[in-house]
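Undergrad: One structure, as structure tokens, below. Some questions next.
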Amino acid sequence: MHELPLTEDILRIATQHAAGKPIIAIYLVIGDLTSFVDDAIQFYFDLIAPRTLAEGATLHFRRVAVRFRCRSCETEFAPVNHDWHCPACGALGGEVIAGKEFLVESIEVATEE
Ligand SMILES: [Zn+2]
Numbered sequence: 001m002h003e004l005p006l007t008e009d010i011l012r013i014a015t016q017h018a019a020g021k022p023i024i025a026i027y028l029v030i031g032d033l034t035s036f037v038d039d040a041i042q043f044y045f046d047l048i049a050p051r052t053l054a055e056g057a058t059l060h061f062r063r064v065a066v067r068f069r070c071r072s073c074e075t076e077f078a079p080v081n082h083d084w085h086c087p088a089c090g091a092l093g094g095e096v097i098a099g100k101e102f103l104v105e106s107i108e109v110a111t112e113e
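Structure, rendered in structure tokens:
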């Protein structure tokens, strides 16, 4: 359910940057550690985009895989099958260095002709 306010943010950011031009596409970056679901964002977007500059715009999702930096040995690793142990020293988890991203990377607007 929390995708609705998120999708409203996406729409607000995109329309602010569109400077009055129709939006063709919105490029999103979403880390795998967030619980945001692409389909839910698309669902809400389809609900709230009509009658805005973003009506009919295509959403593009780029997922970012989770990466940790081990606090014990500083090895950077990507967890495999939800096993969050450092492959070098066996310590559990570590500092998250990727996977929590959520941002509007860019938008594409119609060019004036
Ligand atoms: Zn380690």
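What the sequence shown shows, in the numbering used here, is residues 1 to 113, in sequence order.
Glycine is no exception: its CB is placed at the ideal position from the N, C-alpha and C atoms.
1) Taking DSSP as the reference, what is the three-state secondary structure of residue 36?
2) Exposed or buried, residue 70, counting other C-beta atoms within 10 Å across all chains shown (16 or more means buried)?
3) Quick check for students: name the residue ranges of the alpha helix (DSSP H) that lie wholly in the stretch 25-71, counting only runs of 4 or more.
4) Between residue 85 and residue 76, what straight-line distance do the alpha-carbon atoms span, to the nearest angstrom?
5) Quick one: what's got a C-beta closer than 7 angstroms to residue 63's C-beta in the same chain, skipping five residues either side?
6) Relative to ligand 1, what is the chain-ordered list of residues with a Cβ closer than 6 angstroms to any of its non-hydrogen atoms?
7) With distances taken between CB atoms, is the gap from residue 109 to residue 14 smaller than 7 angstroms?
TA: A quick look at the data gives this:
1) coil
2) Buried is the call here.
3) The stretch 25-71 is shown to contain whole alpha helix (DSSP H) runs of 4 or more residues at 38-48, in chain order.
4) 11 angstroms
5) 30 and 32
6) 70, 72, 73, 75, 86, 88, 89 and 91
7) Not a contact, by the Cβ cut-off of 7 angstroms.
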